[in-house]
């Protein structure tokens, strides 16, 4: 039986294929090299989870900001000089509580509020997470190291439209009174996706 | 990103894997070599579409046999010395008519009445046929060379239980009066699956 | 289980690679695999329902990329390991490389106690069930309504039989559906008949 | 389309390969691909809905076996070919080998004319639709009933926008479902919220 996929024995390597499309874009005057450098800067210096961490730390220490953040996330993050791409129409901030765990997934592709919480980690984009966390939320979180007692309710948010989500994790009790700067240092990307506590 | 399937770079070739399991069965006294030879005989000499072709030719020429065949296929084929495995509990014979085309598929795996119509052809077991023929029957048949006019109704039979099906194709008008033996020569496996006319 | 194998009606696949007088086997090892799994069934090492379910339990990427006979091989090897005939380590030592097996099985279930005998002409709905173990109703009929047009002899209930738990025999029914009710505005006109075990069906008043 | 990409709730997958502080990129070419498709969107060569749909149109075996960034690459290359920027032949000549692209697109559709404005607290059912083109409602909510708990700003309707046909903007609603109603007896207890375009919803009286 011949191979039935459209990926054949003589398929060019993925690097060769990237080189080819980049060369085409270069030829057509799209200046891909310049953009690749800009993008590297964006991905490594602008779209970092430290953005979201600052948002979380401010929400923990400034009740008025937290109200504005929960009411309109997209507007509130601008107060910290943060922005979102045009096609991220809305930022919904989901507040975790001791008895409530919010978790974000994108089952159809892998959308995230990447300019705020950083580009998604590898596992977030994998078929396993996408297929399973909507249906087996408690089991999957446990496998990932977050073993929630039965008393904690779970809310899964499947980001299938143009709204983006971020989780506002529970502030660890031992950090009450810390400065905003110090608090921001403990906030992880995974806690803002909702698969880890702090 | 590490490879996520369970088929890794160092996966043994499929032949090595077959050799390994056969060697295990040999070691455990199951005598696989004897059975492989027997099976080769079964597959090449016993489970041949000529069986079904004889059934079809007899149904075309013997109206009483055809009645019995349509009433209870499994019993009727024994009249021709044919048999079916124990787990094929029932043989339902589907009579095509000028205005009716029956088509067989097994969407969940690839079941067939193999002792009667022969082991299934490669395309029958492929994902394409299994996924598409239930939903796009007319389109798929056309792509396979059977372009049915809109006046012909289509019935698709998904063999998801232990009943087996065979299609009784329409006898071509130019063969009326031919002997049973000569008629049996024109009947193909594909016509008994329902994807081709004669 | 709602597995990747349940592909009836799934879109995105290309043309059927149809050829006249297509072959069944293309490589000598394919014939051997077909014989070996048949031998194992004959010897009572596993039954056909266990065999089918072990194919369904293949890791989804492996299932889709494997040929038909590689799927047979994987089921055979998985069940031989699960039945204690051989260890994966021994298989890998003999094969001199990684030997991918299927994923573990979820628990099975017995026959549905509220199932009803049905008659030809009965209008029936396929229960909306999501069974973690083996099940022989394709997903595309779940919750859909059709008419019984045939009754087949009783056979062990596969949801139990594939898991080695007690299975009463029960009949299967040929149920006729309209393709356009299965996939509204998105199917070629046809009647689609599916062989459905009694436990999966509910009579519609 | 009822494509292989629509895997929410599909069973048979193994454990999430979770690691602490997991990386986004593993190979230099992945960063380049992410930049190149973003550049194409920025230049207006295609929009995000076309980009997503071209990923969904990948041949199912290719989709499942490809890494995330190989899927991005395939969408970028497919759309550059479909938009007339380059031919597959030129790509294959430059790449010195076969260059797999996505399968052709089915036609799209416009906004649903009977859609209704919804309010928080409305009970809604997801229409049972099988759209051959791009659609952003996951299959697991089809025909299911939930409650509107949030409203998001209007955005071009993706079923049209992914196909280059006129798309009116419409709001999306955060709809809350119970996991146990989505997958009866076969899900961990949870509320599952899905962002759903207005055209996909019907208000329940």
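Chains as they are written, first to last, in the working numbering: chain A, 3 to 200; chain B, 3 to 200; chain C, 5 to 209; chain D, 5 to 209. Built from N, CA and C at the ideal position, the CB exists for glycine as well.
{"Query": "Local Cβ density within 10 Å of residue 195 of chain C, reported as buried at 16 or more and exposed below that", "Result": "buried"}
{"Query": "Length of the line joining the Cα atoms of residue 161 of chain A and residue 159 of chain D", "Result": "14 Å"}
{"Query": "Near-chain C residues of the stretch 15-47 of chain D - C-beta to any C-beta below 9 Å", "Result": "15, 16, 17 and 18"}
{"Query": "Proximal chain B residues relative to residue 83 of chain C, where beta-carbon distance stays under 8 Å", "Result": "Residues of chain B passing the Cβ test: none, with the nearest at roughly 10 Å."}
{"Query": "Among B/88, B/92 and B/67, the one whose alpha carbon lies nearest that of residue 81 of chain B", "Result": "B/67"}
{"Query": "Any chain C beta carbon closer than 7 Å to residue 52 of chain D", "Result": "no"}
{"Query": "Residues that residue 7 of chain D contacts on chain C, provided the C-beta gap is smaller than 9 Å", "Result": "14, 15 and 16"}
{"Query": "Nonlocal neighbours in the same chain, by C-beta distance under 8 Å from residue 164 of chain A, ignoring five residues either side", "Result": "89, 90, 91 and 92"}
{"Query": "Identity of the residue in A/63, A/153, A/58 and A/167 nearest residue 156 of chain D by Cα", "Result": "A/167"}
{"Query": "Limits of the unbroken alpha helix (DSSP H) element including residue 53 of chain A", "Result": "51-63"}
{"Query": "9 Å Cβ cut-off: residues of chain C touching residue 134 of chain D", "Result": "13, 15, 186, 187, 188, 189, 190 and 191"}
{"Query": "Amino acids of chain D, ordered along the chain, whose beta-carbon sits closer than 7 Å to that of residue 128 of chain A", "Result": "20 and 21"}
{"Query": "Beta strand (DSSP E) runs contained entirely in the stretch 58-121 of chain B, provided each spans 3 or more residues", "Result": "92-97 and 102-107"}
{"Query": "Chain-ordered chain D contacts of residue 156 of chain A [CB-CB under 8 Å]", "Result": "192, 193, 194 and 195"}
{"Query": "C-beta neighbour in chain C for residue 65 of chain D, strict 7 Å", "Result": "yes"}
{"Query": "Contact belief for residue 40 of chain C with residue 24 of chain B at Cβ below 8 Å, rounded distance in angstroms", "Result": "6 Å"}
{"Query": "Cβ neighbours of residue 194 of chain A in the same chain (closer than 6 Å, five flanking residues each side left out)", "Result": "54, 119, 168 and 169"}
{"Query": "Sub-7 Å separation of residue 136 of chain C and residue 52 of chain C beta-carbons", "Result": "no"}
{"Query": "Boundaries (first-last residue) of the beta strand (DSSP E) holding residue 170 of chain A", "Result": "165-170"}
{"Query": "Helix, strand or coil at residue 82 of chain C according to DSSP, with G and I counted as helix", "Result": "helix"}
{"Query": "DSSP state of residue 205 of chain C mapped onto helix, strand, coil", "Result": "strand"}
{"Query": "7 Å Cβ cutoff, residue 68 of chain D in contact with chain C", "Result": "yes"}
{"Query": "Residue ranges of each beta strand (DSSP E) within the stretch 175-203 of chain C, 3 or longer", "Result": "195-201"}
{"Query": "Beta carbon of residue 11 of chain D nearer than 7 Å to that of residue 59 of chain A", "Result": "no"}
{"Query": "Interface residues of the stretch 53-72 of chain B facing chain C [CB-CB below 7 Å]", "Result": "none"}
{"Query": "Closer than 9 Å at the beta carbon, the chain B residues around residue 200 of chain C", "Result": "162 and 163"}
{"Query": "Pairwise C-alpha distance: residue 124 of chain A and residue 3 of chain B", "Result": "Residue confidence for residue 3 of chain B is low, a pLDDT of 35 falling below 50, so the modelled location carries little weight; the figure read from the coordinates is stated next. Looking at the two C-alpha atoms, the distance is approximately 7 Å."}
{"Query": "Interface partners of residue 61 of chain D on chain C, CB under 9 Å", "Result": "16"}
{"Query": "Residues in the stretch 9-28 of chain A having any Cβ partner in chain D nearer than 9 Å", "Result": "9, 10, 11, 12, 13, 14, 15, 16, 17, 18, 19, 20, 21, 22, 23, 24, 25, 26 and 27"}
{"Query": "Helix, strand or coil at residue 218 of chain C according to DSSP, with G and I counted as helix", "Result": "Residue numbering for chain C in the displayed model covers 5 to 209; residue 218 of chain C lies beyond these limits and cannot be assessed."}
{"Query": "Members of the stretch 120-154 of chain C that neighbour chain B once the beta carbon cut-off is set at 8 Å", "Result": "140, 141, 142, 144 and 154"}
{"Query": "Pick from D/133, D/175 and D/169 that is closest to residue 189 of chain C, judged by C-alpha positions", "Result": "D/133"}
{"Query": "For residue 99 of chain C, the nearest candidate out of B/181, B/184 and B/14 (CA to CA)", "Result": "B/14"}
{"Query": "Own chain residues within Cβ distance below 8 Å of residue 92 of chain C, not counting five before or after", "Result": "85, 103 and 105"}
{"Query": "Residue span of the alpha helix (DSSP H) that contains residue 144 of chain B, given as start and end", "Result": "139-145"}
{"Query": "Stretch pair the stretch 103-112 of chain B + the stretch 143-158 of chain B: three plus CB contacts closer than 8 Å", "Result": "yes"}
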